[in-house]
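Heads up: the sequence shown at position 82 corresponds to 111 in this note's numbering, and the numbers run straight through without jumps.
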Amino acid sequence: MTSTHDPRPGTGRNNDAPHRSSARALSRSGPYIAAGLLGATVGSVGGVLLSESFKTVLLAGLKLGVFAAALGLALFIALQWHRYRAFDTQAAMKMAGLSFLAGAVSGGLVEALQDVLSSADESPRWAIHAASCVLLGALLGAVLSFSATSLSPLPAISAGLLSAVIAGLVGWATSGLAISPSAWSTASLIVFGAALGLLTFLIDGGGHSATVEVHWSSENTTTVKLGGRPVTVGGGADDIILRGAPPRVSTIAVENGVIEHIETATGKRTSLKDGSRLRIGGVIMVVHAPR
Numbered sequence: 030m031t032s033t034h035d036p037r038p039g040t041g042r043n044n045d046a047p048h049r050s051s052a053r054a055l056s057r058s059g060p061y062i063a064a065g066l067l068g069a070t071v072g073s074v075g076g077v078l079l080s081e082s083f084k085t086v087l088l089a090g091l092k093l094g095v096f097a098a099a100l101g102l103a104l105f106i107a108l109q110w111h112r113y114r115a116f117d118t119q120a121a122m123k124m125a126g127l128s129f130l131a132g133a134v135s136g137g138l139v140e141a142l143q144d145v146l147s148s149a150d151e152s153p154r155w156a157i158h159a160a161s162c163v164l165l166g167a168l169l170g171a172v173l174s175f176s177a178t179s180l181s182p183l184p185a186i187s188a189g190l191l192s193a194v195i196a197g198l199v200g201w202a203t204s205g206l207a208i209s210p211s212a213w214s215t216a217s218l219i220v221f222g223a224a225l226g227l228l229t230f231l232i233d234g235g236g237h238s239a240t241v242e243v244h245w246s247s248e249n250t251t252t253v254k255l256g257g258r259p260v261t262v263g264g265g266a267d268d269i270i271l272r273g274a275p276p277r278v279s280t281i282a283v284e285n286g287v288i289e290h291i292e293t294a295t296g297k298r299t300s301l302k303d304g305s306r307l308r309i310g311g312v313i314m315v316v317h318a319p320r
């Protein structure tokens, strides 16, 4: 006997296959549907929150970022000119970019925390401004110590924090005056910048720290400031660049008031004092150490 299969719906032994296939497809798609619903929900809520506060946070970050970029660039140029009577344009632009990032993070983060923790009516604006300056001071000090070899991290960060405290006290003392918020904020930032400039000058030696005078020729000399991170000598990305020499041939370091020349290859240390002379690769270096 020959069996036949009726293709009409509801007949034959395979009529449940489409239903089982649809059920399996629906089961497999369940996690994707759930993920889509969760993502849409979180995105919708986040969109509502951002629409209310994102502009304020972004504006605060941009404003403090521009201020920090200008301040960081000015301090970096002052440090470089003080040490070399010149400055590296590429390094200066890098300093400006890092300073802008420090300011944007400080202003935006503090403003965002303010929005999350409380309303603007519950916290005085001077407190928010002071918190931004404290964070900016620490970050800007770190950036300065990273970019300028004459500054050690701890003194540079401490100078930034102390400048922020001074600006915060001035902001608190003048918060009750009948002046516009923008004028008050500008005045406070000017105090912060002036304090940080003065403290940077002091921790950089105040013009009385040890230096090494590099004699490239009888008519061409360069003065390099000692202190903070060691000054490197060599033919690579060093502080004192000797053409044709290997990278980091030696370093000149100041530790506990003692100046030493350290040879990289041998580790030999030579104590230096005021008037000591070094000859490396045909270049003469004279140490000046004010008492």
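Using N, Cα and C, we set each Cβ at its ideal position, and we do this for glycine too.
This structure is a prediction, so every number in the text was calculated from the model and none was measured.
Take His244 and list the residues in its own chain whose beta-carbon comes closer than 6 Å to its own, dropping the five residues that flank it on each side.
Within the sequence shown, residue 244 is the residue found at index 215, counting from 1. Correct list, in chain order: Thr250 and Ile313.
With DSSP collapsed to three states, give me the class of Gly94.
Here residue 94 is taken as the residue at index 65 of the sequence shown, counted from 1. Helix at Gly94.
Where does Leu231 land, buried or exposed, given buried means 16+ other C-beta within 10 angstroms?
Taking the first residue of the sequence shown as position 1, residue 231 is located at position 202. Per the 10 Å Cβ criterion, exposed.
Looking at C-alpha atoms only, which residue of Val315, Pro184, Ala274 and Phe129 is the closest neighbour of Leu228?
The residue given as residue 228 occupies position 199 in the sequence shown. Among Val315, Pro184, Ala274 and Phe129, the Cα nearest to that of Leu228 belongs to Pro184.
Tell me whether the stretch 191–203 and the stretch 154–170 touch, counting them as touching only if at least three CB pairs, one residue from each stretch, are closer than 8 Å.
Yes, since at least three Cβ pairs between the stretch 191–203 and the stretch 154–170 fall closer than 8 Å, the two stretches touch.
Do Ser128 and Leu169 have their C-beta atoms within less than 9 Å of each other?
As a working mapping, residue 128 is identified with position 99 in the sequence shown. As a working mapping, residue 169 is identified with position 140 in the sequence shown. Closer than 9 Å, so yes.
Measuring alpha carbon to alpha carbon, tell me which of Leu173, Val253, Thr280 and Thr293 ends up nearest Ala103.
Position 74 of the sequence shown, counted from the start, is the residue given in the question as residue 103. Ala103 has its Cα closest to that of Leu173, out of Leu173, Val253, Thr280 and Thr293.
Scan the stretch 204–275 and note each continuous beta strand (DSSP E) run of 3 residues or more that stays entirely inside, going in chain order.
Runs of the beta strand (DSSP E) inside the stretch 204–275: 240–244, 250–254 and 260–263.
Give the C-beta separation of Gly166 and Ala193 to the nearest angstrom, bearing in mind that I take them to be a contact with Cβ-Cβ under 8 Å.
In the sequence shown, residue 166 corresponds to position 137, counting from 1. In the sequence shown, residue 193 corresponds to position 164, counting from 1. About 4 Å separates the two Cβ atoms, so the contact holds.
Could you tell me the boundaries of the beta strand (DSSP E) in which Val316 lies?
The count along the sequence shown starts at 1 and reaches residue 316 at position 287. That run of the beta strand (DSSP E) goes Val312 to His317.
For Leu301, list the residues DSSP reports as bridge partners.
Sequence index remark: in the sequence shown, residue 301 carries index 272 (1-based). For Leu301, which the question treats as bridged, DSSP gives the partners Ile288.
Determine the DSSP secondary structure at Ser128, reduced to helix, strand or coil.
Numbered from 1 along the sequence shown, position 99 holds the residue referred to as residue 128. Helix at Ser128.
May I ask you to report which of helix, strand or coil DSSP gives Thr85?
Residue 85 sits at position 56 when you count from the first residue of the sequence shown. Reduced to three states, the DSSP call for Thr85 is helix.
Would you decide whether Met124 is buried or exposed? Buried here means 16 or more other CB atoms lie within 10 Å of its CB.
Your numbering for residue 124 matches position 95 in the sequence shown. With 16 or more other Cβ atoms within 10 Å, it is buried.
Rounding to the nearest angstrom, what Cα-Cα distance links Gly205 and Ala212 in this structure?
Taking the first residue of the sequence shown as position 1, residue 205 is located at position 176. Taking the first residue of the sequence shown as position 1, residue 212 is located at position 183. Each residue's alpha carbon lies about 13 Å from the other.
Checking 9 Å against the spacing of the C-beta atoms, do Leu164 and Leu138 come in under that value?
What you label residue 164 is simply residue 135 of the sequence shown in a count that begins at 1. What you label residue 138 is simply residue 109 of the sequence shown in a count that begins at 1. Yes, they are a contact pair.
State the start and end residues of the unbroken beta strand (DSSP E) segment that holds Leu180.
As a position in the sequence shown, residue 180 is number 151, starting the count at 1. That residue, Leu180, is in no beta strand (DSSP E); it is neither H nor E in DSSP.
Could you tell me the distance, in whole angstroms, from the CA atom of Ser187 to the CA atom of Gly94?
Numbered from 1 along the sequence shown, position 158 holds the residue referred to as residue 187. Numbered from 1 along the sequence shown, position 65 holds the residue referred to as residue 94. Distance between the alpha carbons of Ser187 and Gly94 is about 20 Å.
Could you spell out where the beta strand (DSSP E) holding Arg308 opens and where it closes?
As a working note, residue 308 is residue 279 in the sequence shown. Taken as a continuous stretch (DSSP letters only), the beta strand (DSSP E) holding Arg308 covers Arg306 to Ile309.
For a test of the three-state rule: what should DSSP assign to Ala149, helix, strand or coil?
Position 120 of the sequence shown holds residue 149. Interpretation of Ala149 is limited by its pLDDT of 46, a score under 50 that renders its predicted location unreliable; the figure taken from the coordinates is listed afterwards. Coil, per DSSP.
Going by beta carbon distance, what residues of the same chain come within less than 6 Å of Gly90, once the five residues before and after it are set aside?
Position 61 of the sequence shown, counted from the start, is the residue given in the question as residue 90. Excluding positions up to five away in sequence, the list reads Ala133, Gly136 and Gly137.
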